[in-house]
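Data block below; observations after.
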Amino acid sequence: MNRYVLSLLVENQAGVLSKIAGLFTRRGYNIDSLTVGITDNPDISRMTIMITGDEQMLEQISKQLNKLIDVIKVTELSSKSVCRELALIKLSYSIKNQSLIKEAVNIFRGNIVDIDSKSMMIEVTGTEDKITAFIDLVKPYGIKEIVRSGVTGLERG
Amino acid sequence: MKVSDAICQCLIEENVEVVFGYPGATVIPLYESLRTSEVKHILVRHEQAAGHSASGYARAKGSVGVCLSTSGPGATNLITAIATAYMDSIPMVAITGQVKTNQIGKDVFQEADIKGATASFTKHNYLVKEAKDIPRIFKEAFYIARTGRPGPVLIDIPMNIQMEDIEFSYPDEVNIRGYKPTVNGHKGQIKKVLEMIRKSQRPLICVGGGVITGDAKEEVEEFIEKSRIPVVHTLMGKDGVSCESDYYVGLIGTHGFSYSNKSVSKADMLILLGTRIADRATVGPNFAKDAEIIHIDIDPAEIGKNLGPSIPVVGALKNILKDLNKEVKSTHSEEWMEEIRQWKHDAKVFATDEGHANPKSILRKLSEIADRDAILAADVGQNQIWSARNYGIVNGRRFLTSGGLGTMGYSIPAAFGAKTAAPERQVIAVMGDGSFQMSMFELGTIAANKAKITLVLFNNSGLGLVREIQKNTFGEGHSSGVEFGLSPDFLKIAEAYGIKGRRVQFNEEFEAAFREAQDAEGAFLIECVTDPKESTF
Chain F
6 MNRYVLSLLV ENQAGVLSKI AGLFTRRGYN IDSLTVGITD NPDISRMTIM
56 ITGDEQMLEQ ISKQLNKLID VIKVTELSSK SVCRELALIK LSYSIKNQSL
106 IKEAVNIFRG NIVDIDSKSM MIEVTGTEDK ITAFIDLVKP YGIKEIVRSG
156 VTGLERG
Chain C
3 MKVSDAICQC LIEENVEVVF GYPGATVIPL YESLRTSEVK HILVRHEQAA
53 GHSASGYARA KGSVGVCLST SGPGATNLIT AIATAYMDSI PMVAITGQVK
103 TNQIGKDVFQ EADIKGATAS FTKHNYLVKE AKDIPRIFKE AFYIARTGRP
153 GPVLIDIPMN IQMEDIEFSY PDEVNIRGYK PTVNGHKGQI KKVLEMIRKS
203 QRPLICVGGG VITGDAKEEV EEFIEKSRIP VVHTLMGKDG VSCESDYYVG
253 LIGTHGFSYS NKSVSKADML ILLGTRIADR ATVGPNFAKD AEIIHIDIDP
303 AEIGKNLGPS IPVVGALKNI LKDLNKEVKS THSEEWMEEI RQWKHDAKVF
353 ATDEGHANPK SILRKLSEIA DRDAILAADV GQNQIWSARN YGIVNGRRFL
403 TSGGLGTMGY SIPAAFGAKT AAPERQVIAV MGDGSFQMSM FELGTIAANK
453 AKITLVLFNN SGLGLVREIQ KNTFGEGHSS GVEFGLSPDF LKIAEAYGIK
503 GRRVQFNEEF EAAFREAQDA EGAFLIECVT DPKESTF
């Protein structure tokens, strides 16, 4: 089993997301993550879908997606692509570990975007692996809440 | 122009002559426009039948069938028919009324999310949000339904929109950026196909339903004649090849003939023409085990889904075969064909004709005495397999059955749709007592429209195919939920609708009953009393 990232250009219309999600359900494929947003053309949205499976499944799901009238283009994001994920992590802290956390945030090129007397919110961007590594690193300090955007990406060049 | 009038105008622009429908509150404005429109509306007795009739119409005529219903239950009743059409790639446009735009999502009376509900059963669907979109949406819907791999398209139209006014102008062209079906085959792939045909010693063609939906029967026959390759077919491909062809072998698959399946397992090359090679078309691990596979289909997603081909060719069958026909040479298949003929000869064992009316003998008889050009609508169950195995078809668009979804109750409304499309043609519907009872209310539609259809009902007092599977799985005495307990007098039911009929107890009586049916003024029911133990094969 491998992980694949599909990048879709779709019509920016109501119901398109549910059609695409429904297709995955009906064909028995799981979505690991899905992100969607409009492109420079407001009529078109781009979806990035991460899936786990084999080559055959990837071929089928790409072909089935292409059959949807609202899907304009399907591209598999290969290693020649830039993929990123964003995470917001609300972390407990104390005077004792504050500087250690700040150091970790710096190493991972994250930002502290909010802070109060008990917790801080950290923003990190990067590959899925990097985010996971950062979360593992700060877990011992006590994660209060977390949100991950899911992977999004573009082909190089 | 009122949107409801514009909808009728769109139908006229698309050369729609007939709409099968059932009215309700949310399509009242549209029905008011239909009242005076040149588009003919035929009132059915259940929305599902409207869908099946549109499907039968589309299949017989080779154009897009149209059905119409109100919102809520009217729309949900259409779903089975839409799904049936989707599985068999039948071009169809379903129009549904919807509650007013400002009431959508509020669970008002007869509201149903039909767009959401039919997402996986339609090729595409629309919920009209702005009146001005109507002409574009209709143009697109008909285009999507009939081009590429055909299929059903649904248009859901809120009632308030039907009453609005628009400037009407029907678009000349369609431009959908996400929909550009490949029609021409790749030249390089076609060359490879020709090369492989040259090398093959035991070539075989398998014809699927795509030959009919792709309007490629003539090209297929030319291809067969030129290449001299024997032909098998799937259930959906039955009318895609003439049973009178010298190269005709027969039906393959779970309900196919042993010699057809044997041909597939012994072939060294299998050319799939417009078939998805579904589970029912393949039997066991020997399916095409020694064969190089050439798969020609308009839908790229079907290639490699069930069978990994050596040479895939995507495009319209008609165009690809035209290309192939220009260059294909005769194969040296005489010995191979002779071998298949021998298997076929050895397998010919006819059922004994004692006792009850035997469906196999009767269907073979029907095959002889029916018009050469008759349309046969077969239902689902043993009657479908009996028909597929024992009734010979020469021309295309003559065998209508629910192949993919296997929808019982299909034959009566589909036959009615076919008769509406081709009034000059003899139309016969074959069914069991189970499937008859699933659509018997449509006798009303048939009688009211004076449709001359011959209904052949094999009454084996229960659900024969299920009973047989139960017996084969769990042994004798394991019938469960397959006996009706009480069945009506079918001839009396028909009579109540003014439809004449005849009960046939023995094979010899069938011919006279069929002649009587042809001489009768309207529809005619022939009830063949069949042994419940009669097997499918």
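Chain order of the listed sequences is F and C. As numbered in this note's numbering, residues 6 to 162 make up the first sequence, in order. As numbered in this note's numbering, residues 3 to 539 make up the second sequence, in order. Ideal Cβ positions, reconstructed from N, Cα and C, are used throughout, including at glycine.
Tell me the DSSP bridge mates of residue i?
{"i": "Q100 of chain C", "result": "C:P160"}
{"i": "M6 of chain F", "result": "Looking at the DSSP assignment, M6 of chain F forms no beta bridge with any residue, so it has no partner."}
{"i": "G434 of chain C", "result": "C:F460"}
{"i": "R89 of chain F", "result": "F:T157"}
{"i": "E16 of chain F", "result": "F:I49"}
{"i": "S38 of chain F", "result": "F:M55"}
{"i": "P205 of chain C", "result": "C:M271"}
{"i": "G68 of chain C", "result": "Here residue 68 of chain C turns out to be Val, not Gly, going by the sequence shown. Note: V68 of chain C sits in a beta bridge opposite C:V95."}
{"i": "H297 of chain C", "result": "C:L274, C:P314"}
Is residue j closer than 7 Å to residue i when the C-beta atoms are compared?
{"i": "A1 of chain C", "j": "M271 of chain C", "result": "Any answer about residue 1 of chain C is impossible in this case: the structure gives chain C only from 3 up to 539."}
{"i": "G187 of chain C", "j": "G398 of chain C", "result": "no"}
{"i": "I14 of chain C", "j": "L32 of chain C", "result": "no"}
{"i": "I371 of chain C", "j": "F418 of chain C", "result": "no"}
{"i": "P534 of chain C", "j": "N461 of chain C", "result": "no"}
{"i": "I563 of chain C", "j": "I298 of chain C", "result": "This structure leaves residue 563 of chain C out entirely; chain C is present only between 3 and 539."}
{"i": "V251 of chain C", "j": "I342 of chain C", "result": "yes"}
{"i": "G76 of chain C", "j": "E113 of chain C", "result": "no"}
{"i": "A143 of chain C", "j": "I159 of chain C", "result": "no"}
{"i": "K95 of chain F", "j": "E60 of chain F", "result": "no"}
{"i": "H126 of chain C", "j": "I74 of chain F", "result": "yes"}
{"i": "S91 of chain C", "j": "G26 of chain C", "result": "no"}
{"i": "L319 of chain C", "j": "A269 of chain C", "result": "no"}
{"i": "I254 of chain C", "j": "S262 of chain C", "result": "yes"}
{"i": "S5 of chain F", "j": "L82 of chain F", "result": "Nothing can be reported for residue 5 of chain F: it is not among the residues displayed for chain F, which extend from 6 to 162."}
{"i": "V10 of chain F", "j": "V76 of chain F", "result": "no"}
{"i": "P93 of chain C", "j": "V66 of chain C", "result": "yes"}
With DSSP as the reference, label residue i as helix, strand or coil.
{"i": "P145 of chain F", "result": "helix"}
{"i": "K24 of chain F", "result": "helix"}
{"i": "T53 of chain F", "result": "strand"}
{"i": "Y131 of chain F", "result": "Note on identity: in this sequence residue 131 of chain F is Gly, with Tyr being the wrong assignment. In this structure, G131 of chain F counts as strand in the three-state DSSP scheme."}
{"i": "E150 of chain F", "result": "strand"}
{"i": "A525 of chain C", "result": "coil"}
{"i": "A87 of chain C", "result": "helix"}
{"i": "L532 of chain C", "result": "Here residue 532 of chain C is Thr; the residue named in the question, Leu, does not match the sequence. Correct three-state label for T532 of chain C: coil."}
{"i": "H126 of chain C", "result": "strand"}
{"i": "P287 of chain C", "result": "coil"}
{"i": "I168 of chain C", "result": "coil"}
{"i": "F486 of chain C", "result": "coil"}
{"i": "E513 of chain C", "result": "helix"}
{"i": "E175 of chain C", "result": "coil"}
{"i": "M442 of chain C", "result": "helix"}
{"i": "E19 of chain C", "result": "coil"}
{"i": "Y59 of chain C", "result": "helix"}
{"i": "R148 of chain C", "result": "helix"}
{"i": "E113 of chain C", "result": "coil"}
{"i": "K72 of chain F", "result": "helix"}
Around the C-beta of residue i, are 16 or more other C-beta atoms found within 10 angstroms, so that it is buried, or is it exposed?
{"i": "S332 of chain C", "result": "exposed"}
{"i": "A416 of chain C", "result": "buried"}
{"i": "R400 of chain C", "result": "buried"}
{"i": "K42 of chain C", "result": "exposed"}
{"i": "V118 of chain F", "result": "exposed"}
{"i": "M125 of chain F", "result": "buried"}
{"i": "M433 of chain C", "result": "buried"}
{"i": "G479 of chain C", "result": "exposed"}
{"i": "G483 of chain C", "result": "exposed"}
{"i": "N177 of chain C", "result": "exposed"}
{"i": "D301 of chain C", "result": "buried"}
{"i": "A519 of chain C", "result": "buried"}
{"i": "Q100 of chain C", "result": "buried"}
Can you find at least 3 beta carbon pairs, one from the stretch 379-396 of chain C and one from the stretch 234-254 of chain C, that sit closer than 8 Å?
yes
request  = Could you say if the stretch 436-451 of chain C and the stretch 82-89 of chain C meet the contact criterion of at least three C-beta pairs nearer than 8 Å?
outcome  = no
Any contact between the stretch 36-54 of chain F and the stretch 141-158 of chain F? By contact I mean 3 or more CB pairs, one from each, below 8 Å. yes
Looking at C-beta atoms only, is the number of pairs between the stretch 367-382 of chain C and the stretch 418-430 of chain C that lie closer than 8 Å three or more? yes
Hey, is the stretch 159-172 of chain C in contact with the stretch 86-93 of chain C, meaning 3+ C-beta pairs nearer than 8 Å? no
- Give a yes or no on contact between the stretch 46-54 of chain C and the stretch 99-119 of chain C, applying the rule of three or more CB pairs nearer than 8 Å. no
Requested in this report: Tell me, please, whether the stretch 209-218 of chain C touches the stretch 172-184 of chain C by the rule of three or more beta-carbon pairs shorter than 8 Å.
Outcome: no
*Say whether the stretch 280-288 of chain C touches the stretch 40-47 of chain F, bearing in mind that this needs 3 or more beta-carbon pairs closer than 8 Å, one atom from each stretch.*
no
* Sufficient close CB pairs (3 or more, under 8 Å) joining the stretch 126-142 of chain F to the stretch 104-117 of chain F -> yes
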